[in-house]
Amino acid sequence: MKHRIKHPASSFTIQNDKLPAGSVLQIDAITDNIIRIHTITGTQNTDGSSFAIENPPGLSGSFDISSHKQAITAATSCLTLKASKSLQIDIYDKKGNLVCAGARANNNVAAQLSKEEISQLIQEGHMADTSDIQFKYKATKKIMGDESFYGLGDKTGFLDKKGYDYIMWNSDNPDPHVENPAFRALYKSVPFFIVRRQNCTYGIFLDNTYKSYFDFGCSDAGCYSFGVTGGELDYYFIYGKNIKEVIKNYTSLTGRSPLPQLWTLGYHQSRWSYSSEDEVIKLADNFKKYDIPCDAVHLDIDYMDQFKVFTNDSSRFPDLKSLSRRLSKDGIKLVSIIDPGVKAEDGYYMYDEGNKNNYFATSEDGKVYHNAVWPGDSVFPAFTSSKVRKWWGDKTKFLTDNGISGIWNDMNEPASFNGPLPDNIIFPGDGKDYTHKEIHNVYGHLMAEATYNGLKENTQKRPFVITRACYSGSQKYTTVWMGDNQSIWTHLKLAIPQILNCGMSGIPFCGVDIGGFGSNATPELLSRWTEACCFFPLFRNHSAKMTRRQEPWAFDKRTLDICRKYIKLRYKFIPYLYDLCYEETLTGLPILRPLVMEYENDPEVINCNDEYLVGNSILVAPVTDQGVSVRSIYLPHGIWIDYNSGRRIKGGRYILYNAPLDICPVFIKGGSILPTYPGIPNLDMPNTRKLVIEFYPLDYKAPGNYTSKACYYMHYQDNGTDFNYQTGEYNLYKFSFSPDRPGGLEIKLTTNGYKGKYKSISAVIK
Ligand code: GLC
0 MKHRIKHPAS
10 SFTIQNDKLP
20 AGSVLQIDAI
30 TDNIIRIHTI
40 TGTQNTDGSS
50 FAIENPPGLS
60 GSFDISSHKQ
70 AITAATSCLT
80 LKASKSLQID
90 IYDKKGNLVC
100 AGARANNNVA
110 AQLSKEEISQ
120 LIQEGHMADT
130 SDIQFKYKAT
140 KKIMGDESFY
150 GLGDKTGFLD
160 KKGYDYIMWN
170 SDNPDPHVEN
180 PAFRALYKSV
190 PFFIVRRQNC
200 TYGIFLDNTY
210 KSYFDFGCSD
220 AGCYSFGVTG
230 GELDYYFIYG
240 KNIKEVIKNY
250 TSLTGRSPLP
260 QLWTLGYHQS
270 RWSYSSEDEV
280 IKLADNFKKY
290 DIPCDAVHLD
300 IDYMDQFKVF
310 TNDSSRFPDL
320 KSLSRRLSKD
330 GIKLVSIIDP
340 GVKAEDGYYM
350 YDEGNKNNYF
360 ATSEDGKVYH
370 NAVWPGDSVF
380 PAFTSSKVRK
390 WWGDKTKFLT
400 DNGISGIWND
410 MNEPASFNGP
420 LPDNIIFPGD
430 GKDYTHKEIH
440 NVYGHLMAEA
450 TYNGLKENTQ
460 KRPFVITRAC
470 YSGSQKYTTV
480 WMGDNQSIWT
490 HLKLAIPQIL
500 NCGMSGIPFC
510 GVDIGGFGSN
520 ATPELLSRWT
530 EACCFFPLFR
540 NHSAKMTRRQ
550 EPWAFDKRTL
560 DICRKYIKLR
570 YKFIPYLYDL
580 CYEETLTGLP
590 ILRPLVMEYE
600 NDPEVINCND
610 EYLVGNSILV
620 APVTDQGVSV
630 RSIYLPHGIW
640 IDYNSGRRIK
650 GGRYILYNAP
660 LDICPVFIKG
670 GSILPTYPGI
680 PNLDMPNTRK
690 LVIEFYPLDY
700 KAPGNYTSKA
710 CYYMHYQDNG
720 TDFNYQTGEY
730 NLYKFSFSPD
740 RPGGLEIKLT
750 TNGYKGKYKS
760 ISAVIK
């Protein structure tokens with residue numbers, strides 16, 4: 000083993016016969032808390048170029064390196080790394096505690112079986128077929144005790160991923176999404192996970208876009224591993240004193256979501272498809288008629304002419320622009336779907352322009368590659384090229400000129416109907432050709448980037464993009480939804496850990512299809528689903544063609560009343576959600592949080608799958624079982640105020656809660672101050688000019704008779720639309736309570752950059 004030190008010693012390389020010929024292992028101190036461990040082969044560029052990390056940080060950490068025959072020791076001010084001769088890497092904290100230990104799998108269950116047994120088990124569906132896994136590199140680490148694993152984007156299963164294995168290969172699989180082993184891959188590849196043990200937290204970000212594998216003690220309970228099938232081994236060890244700090248550090252590398260437009264936090268109604276102007280107008284009228292707030296209606300593929308992107312079907316939607324004007328009177332915006340597949344049809348402008356400029360992916364022989372998607376015979380833009388991304392982004396003008404306010408990117412794994420795209424399809428990039436094998440997992444990410452930049456340029460507003468497929472870092476460009484769930488109770492349950500893990504993976508603005516996309520919703524399911532998701536950042540009801548309708552009024556009066564009640568509850572707390580978005584721009588912390596993120600040392604919450612926190616002040620424990628109206632709820636320590644009854648409950652214990660169909664258990668943490676809107680019909684600016692601050696003291700007996708500790712809350716306000724906030728056009732308010740100061744809350748404007756201040760701010764003590 001040889002090593003070479005560059006000066007300053009923020010980096011060193013190791014040569015070892017365990018590595019493939021011509022490769023070295025380079026270790027960089029990105030900061031004293033973030034260590035990059037990566038192989039470099041031959042002369043391949045070493046500038047750190049990455050699809051996820053756009054502005055590679057300098058190396059601000061520094062190593063103190065000593066070397067012995069058996070090992071190299073490199074210490075930053077926070078961490079000490081020991082690399083052994085066999086390239087096992089152990090990492091210690093400042094106090095000398097072993098944080099992460101390199102290991103070899105030694106107890107692989109499959110290794111104890113004969114070939115015949117394995118093949119039988121695979122055939123019977125009892126074992127996943129892993130014969131195609133040819134690891135180029137694999138890293139194995141010891142499971143040292145009570146580790147839990149969080150993150151990995153949208154994967155199925157539970158909050159804690161221990162005992163399962165996963166694949167990163169963006170996949171559109173229409174079967175019901177269930178936990179392993181059937182569903183190891185879904186639409187997104189976010190190869191970042193957080194490891195938590197008692198008193199120890201760190202994250203690993205495997206920045207490799209090829210198909211990759213993650214095994215969290217599944218094949219060997221004594222270790223976890225991650226491996227790649229191509230490219231370089233390139234991972235970041237991200238240390239943090241708690242989960243929040245790990246997420247902050249991870250998003251300092253891969254980026255954070257910019258503030259959304261305020262209206263995007265409202266209720267969205269979708270269906271595949273609202274297929275004519277008349278239908279959309281009736282839909283909007285129904286929201287008014289039934290007194291349900293709504294800010295967006297989504298147009299699925301049938302608004303297009305023969306599914307040709309950036310066109311409209313003039314028989315169904317003859318004048319999108321006037322439709323959007325008509326809807327805007329009711330505060331409703333239009334969002335339209337765009338798929339990547341371009342219909343292969345001579346004379347269709349997108350196809351002709353793309354062909355003329357060589358913008359489409361090709362086979363190895365240089366001929367444009369065809370497959371089939373909704374429009375039939377289709378070709379695929381090479382979003383790997385900045386020219387293609389610009390071209391695509393410019394085309395969004397067709398939509399924005401027609402009054403469309405947001406773009407929903409779908410089928411961008413990319414999905415294809417005539418079998419998967421072969422590995423060797425070529426996607427030309429800037430000065431480099433990429434194979435499908437290499438860029439499959441970033442195709443959706445690059446499409447989102449193109450869409451975001453196009454929308455930004457055309458409108459100067461904060462772009463609203465939703466995507467189905469993405470990669471680490473996509474949060475800079477887009478919100479996400481979890482794809483084609485079904486109207487089944489299992490999927491309502493799945494939504495909670497899925498969204499929580501997505502948030503812990505750096506993607507805060509996310510949601511699921513409320514009511515379920517495929518199969519038929521029932522009144523009870525839609526009611527519970529609307530309750531459960533009423534704080535989800537993306538709040539959209541969407542369903543598939545041929546399924547039972549599931550708009551709030553589609554069933555009976557009771558279901559309608561429940562949907563209205565919870566959609567209104569959502570609107571009430573939008574100022575709080577928007578504050579959490581603001582906090583996210585500064586910290587990367589998600590809006591919805593698992594209890595373990597706020598109560599890390601409470602063993603009860605390590606794998607809490609059926610409750611979530613909104614920021615740190617609201618706890619939601621929805622009913623997600625059919626026919627159930629009583630559930631047990633764990634309340635962490637502290638005083639919790641039952642939002643439904645006003646009762647104050649001491650936490651640190653389980654309670655049994657009566658939740659008939661119209662009740663979603665919601666609790667406010669004692670001592671919280673929360674900004675709210677009075678009942679408003681939508682998020683049009685004039686409706687958002689009044690703010691009501693609610694204060695939930697620890698103890699409340701009667702008006703004027705309450706006690707609490709001193710506390711404060713910072714509230715953010717801006718125009719909710721454009722980027723002026725980035726140059727200071729925003730207000731910050733401090734709402735504070737002090738037991739020594741009689742007269743309730745003090746309201747102070749602390750930063751005064753935005754002129755459109757509230758017309759009124761009032762306070763209530765709850
Ligand atoms: C895909 C999407 C779904 C959409 C449908 C038709 O299945 O995931 O949301 O409605 O395509 O566009």
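Residue numbers in the sequence shown follow numbering that gives the first Met the number 0, run continuously in steps of one, and reach 765 at the last position.
For each residue, glycine too, the CB sits at the ideal point set by N, CA and C.
Bear in mind the structure is a predicted one, so any value in this text is a computation, not a measurement.
- Residue pairing for E178: DSSP places it in no beta bridge.
- Per DSSP, reduced to three states, the secondary structure at T720 is coil, with no helix or strand assignment.
- The Cβ atoms of P635 and C663 lie no closer than 8 Å to each other.
- Three or more beta-carbon pairs separated by less than 8 Å are not found between the region 652–669 and the region 302–314, which leaves the two stretches without contact.
- Every unbroken stretch of the alpha helix (DSSP H) spanning 4 or more residues and falling wholly within the region 329–367 is given here in chain order: 348–355.
- For N751, the CB contacts under 8 Å within the same chain, skipping 5 residues up- and downstream, are N730 in chain order.
- Shown here for S275: same chain residues with a beta carbon closer than 8 Å to its own, the five before and five after excluded, namely R315 and F316 in chain order.
- Partner residues in the beta bridge of N540, as assigned by DSSP, are Q268 and I513.
- Counting along the chain, P522 sits inside no beta strand (DSSP E); it lies in the alpha helix (DSSP H) bounded by residues P522 to A531.
- Contact annotation: the region 623–633 does not touch the region 676–694, with fewer than three C-beta pairs closer than 8 Å.
- In the DSSP assignment, H714 is bridged to Y732.
- Residue environment: H125 is assigned as exposed (fewer than 16 neighbouring CB atoms within 10 Å of its CB, all protein chains considered).
- The closest heavy atom of the ligand GLC lies 7 Å or more from the beta carbon of I764.
- Taking non-hydrogen atoms of the ligand GLC into account, the C-beta of F516 is found less than 7 Å away from one of them.
- The ligand GLC has a heavy atom closer than 7 Å to the beta-carbon of W271.
- As computed with DSSP, R652 is found in a beta bridge with L634.
- Look at the beta carbons and you see the region 436–450 touching the region 462–479: at least three pairs across the two are nearer than 8 Å.
- Not a single heavy atom of the ligand GLC lies less than 7 Å from the C-beta of A371.
- The beta-carbon distance between Q197 and D145, rounded to whole angstroms, is 6 Å. This is short enough to meet the 8 Å contact definition.
- Inclusion of A543 in the 7 Å shell around the ligand GLC follows from its C-beta lying nearer than that to a non-hydrogen atom of the ligand.
- The beta carbon of I336 sits closer than 7 Å to at least one heavy atom of the ligand GLC.
- Cβ contact annotation for T383 (same chain, cutoff 6 Å, sequence separation greater than five): F426, G428, Y433 and I438, in chain order.
- Proximity of the beta carbon of M503 to the ligand GLC is not indicated: no heavy atom of the ligand is located closer than 7 Å.
- The shortest CA-to-CA distance from N54 to any of T250, T139 and E456 is the one to T250.
- The beta carbon of N718 sits closer than 8 Å to those of M684, Y724, E728, Y753 and G755, all from its chain and outside the five residues before and after it, given in chain order.
- CA-CA distance, T399 to D376, rounds to 27 Å.
- Judged by beta-carbon spacing, F694 lies within the 8 Å limit of I764, meaning their Cβ atoms are closer than that value.
- In this structure, the beta-carbon distance from N540 to S269 falls below 8 Å.
- Per the C-alpha coordinates, the member of I13, E523 and K492 positioned closest to A70 is I13.
- Sequence-distant partners of F359 (beyond 5 residues in either direction) whose C-beta falls short of 8 Å from its own C-beta, in its chain, are V341, G353, V367, Y368, V378, F379, P380 and A381.
- The beta carbon of D299 sits closer than 7 Å to at least one heavy atom of the ligand GLC.
- In the DSSP assignment, K571 falls within the unbroken alpha helix (DSSP H) covering K556 to K571.
- The secondary-structure analysis by DSSP pairs K94 with nothing; it has no beta-bridge partner.
- If you ignore the 5 residues before and after R547, its C-beta comes within less than 7 Å of the C-beta of N519 and A520, all in its own chain and listed in chain order.
- Between P496 and P536, the C-beta spacing is not below 8 Å.
- With at least 16 other beta carbons inside 10 angstroms of its own, R569 counts as buried.
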